[in-house]
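Have a look at the structure below before the remarks.
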Amino acid sequence: MDKETGKAFDYNLFKRLLAQTRPYRLTFYGVALAGILLTFFAVLTPYILRNIIDDAINVRDMDKLLVLSFAMLGVLVGQVVFQLLFNYYANWLGESVIKDIRILLFKRMLGFRMKYFDNSSIGVLVTRAVADMQRIGEIFSQGFFTIVSDLLKMLAAASMMLWMNWRLSLLVFAILPIILYATRLFQKAMK
3 MDKETGKAFD YNLFKRLLAQ TRPYRLTFYG VALAGILLTF FAVLTPYILR NIIDDAINVR
63 DMDKLLVLSF AMLGVLVGQV VFQLLFNYYA NWLGESVIKD IRILLFKRML GFRMKYFDNS
123 SIGVLVTRAV ADMQRIGEIF SQGFFTIVSD LLKMLAAASM MLWMNWRLSL LVFAILPIIL
183 YATRLFQKAM K
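Heads up, the working numbering is the position in the sequence shown plus 2, with the first residue counted as 1.
What follows is the structure, given as C-alpha cells:
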C-alpha cells in the first residue's frame, strides 16, 4: 500500500480510474456536455455584448437593444443553469465512483490474511484508504472535468478573440510569455 510510482501522472492508472465511471456513463457524458455548453455560453457573452454596443447603442436602435438584451439574459440564465448542473453531477459522479471503489477496497481488504493486519497499523490503513478515496473523488468533482472545461474555455476565448480582432489578439498573446514567467517566479517564491 505504501508503493509510489514516482510519476506526476500515470496514464494507465488514470485509464483504470476512468473505467470506474462505466456504470455512470450517461452522467459522465452529461457532465462533459454541460462543460462544452458552458464554454459556448462563456464565448457567446462577449460577442453579444459587442453587438449590443456596436449595433444597438451606437446607432440608437432600441428594438435591437431589447432583442440583444433578452439574448444576453438567456445566455446568462443558461450559463447559471448549466454551471449548477455541471457542479452537481460532477460531484455526484465523484461520490458515486468513490462509493464503488470503497466497496471494492473493502472486499479486497477482507481477503487479506490476518498476519497482514498484525504487521500493519489499522490507523494507517484506514487513514490511507479514506484520504486516497477523497483525492479520487476530487479528481472527478473538482479536477478532471473542471480542467477540461477551463481548457476548452481558453481555446474558445482565444479563437473568438482572433475572429473578432486578430491584431489586438496578437498584442494580448504577445504579453502571455511575460505573465507565464511571472507566474512561475511567484510559484517558486511560494514554495
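Glycine residues also receive a C-beta, built at the ideal position from the N, C-alpha and C atoms.
Suppose contacts are defined by Cβ-Cβ distances below 8 Å. Is M162 in contact with Y13 by that definition? Position 160 of the sequence shown, counted from the first residue, corresponds to residue 162. Position 11 of the sequence shown, counted from the first residue, corresponds to residue 13. Not closer than 8 Å, so no.
Look at the alpha carbon of Y26 and the alpha carbon of L153, and state the distance between them as a whole number of angstroms. Your numbering for residue 26 matches position 24 in the sequence shown. Your numbering for residue 153 matches position 151 in the sequence shown. So the two alpha carbons sit approximately 24 Å from each other.
Give every residue of the same chain whose Cβ lies closer than 6 Å to the Cβ of D4, excluding the five residues on either side of it in the sequence, and list them in chain order. Reading the sequence shown from its first residue, position 2 is the one you call residue 4. Because the pLDDT of D4 is 48, which lies under 50, any placement of that residue in the model is unreliable, and the number read from its coordinates should be weighed accordingly. By the criterion of a C-beta distance shorter than 6 Å, D4 is surrounded by no residue of its chain, once the five residues flanking it on both sides are discounted.
Nearest neighbour of N93, chosen from L178, L187, G145 and A191 [CA to CA]: Indexing the sequence shown from 1 puts residue 93 at position 91. Answer by Cα proximity: G145.
Cα-Cα separation, F114 to L127: Residue mapping note: residue 114 aligns to position 112 of the sequence shown, counting from 1. Residue mapping note: residue 127 aligns to position 125 of the sequence shown, counting from 1. Approximately 12 Å between the Cα atoms of the pair.
Look at Y118 and T29 and say whether their C-beta atoms are less than 8 Å apart. Your numbering for residue 118 matches position 116 in the sequence shown. Your numbering for residue 29 matches position 27 in the sequence shown. Cβ atoms of Y118 and T29: not closer than 8 Å.
The alpha helix (DSSP H) with I54 in it runs from where to where? Taking the first residue of the sequence shown as 1, we reach residue 54 at position 52. Run containing I54: none; DSSP gives neither H nor E here.
Given G76 as reference, the closest of V33, V174, L46 and A131 once Cα atoms are compared: Within the sequence shown, the letter at position 74 stands for residue 76. Minimum Cα distance to G76 is reached at L46.
Q22 beta carbon less than 8 Å from that of D134: By one-based count along the sequence shown, residue 134 stands at place 132. By one-based count along the sequence shown, residue 22 stands at place 20. Against a cut-off of 8 Å, the Cβ pair of Q22 and D134 comes out as no contact.
Where L70 falls, given that 16 or more other Cβ within 10 Å makes a residue buried: Position 68 of the sequence shown, counting from 1, holds the residue named residue 70. Under this definition L70 is a buried residue.
Do you know how far the Cα of F188 is from the Cα of L68? Counted from its first residue, the sequence shown places residue 68 at position 66. Counted from its first residue, the sequence shown places residue 188 at position 186. About 45 Å.
Going along the chain, which residues of its own chain have a beta-carbon closer than 7 Å to the beta-carbon of Q85, five neighbours each way excluded? Translated into positions along the sequence shown, residue 85 becomes position 83. Once the five neighbours on either side are set aside, the close Cβ partners of Q85 are L40.
Taking L87 as the reference, give the member of N121, R186, I38 and I177 with the closest Cα. Looking up residue 87 in the sequence shown gives position 85. When each option's Cα is compared against that of L87, the closest is I38.
Using the rule of at least 16 other Cβ atoms within 10 Å of the residue's Cβ for burial, across every protein chain shown, is S123 buried or exposed? As a first step, residue 123 is located in the sequence shown; it is residue number 121 there, counting from the start. With fewer than 16 Cβ atoms within 10 Å of its Cβ, S123 is classed as exposed.
V61 by DSSP, collapsed to three states: which one? By one-based count along the sequence shown, residue 61 stands at place 59. Three-state DSSP puts V61 in coil, outside helix and strand.
Go ahead and pull the three-state DSSP assignment for K193. By 1-based counting over the sequence shown, the position of residue 193 is 191. DSSP places K193 in coil when its eight states are reduced to three.
I need the DSSP call for S151, collapsed to helix, strand or coil. Residue 151 sits at position 149 when you count from the first residue of the sequence shown. Of the three classes helix, strand and coil, the one that applies to S151 here is helix, per DSSP.
Give a yes or no on whether the C-beta atoms belonging to A44 and K155 are separated by under 8 Å. Looking up residue 44 in the sequence shown gives position 42. Looking up residue 155 in the sequence shown gives position 153. Yes, Cβ-Cβ distance for A44 and K155 is below 8 Å.
Under 8 Å between the Cβ atoms of K66 and D56? Taking the first residue of the sequence shown as position 1, residue 66 is located at position 64. Taking the first residue of the sequence shown as position 1, residue 56 is located at position 54. In this structure, D56 does not lie closer than 8 Å to K66 by Cβ.
Taking DSSP as the reference, what is the three-state secondary structure of T29? Here the question's residue 29 lines up with position 27 in the sequence shown. It is helical.
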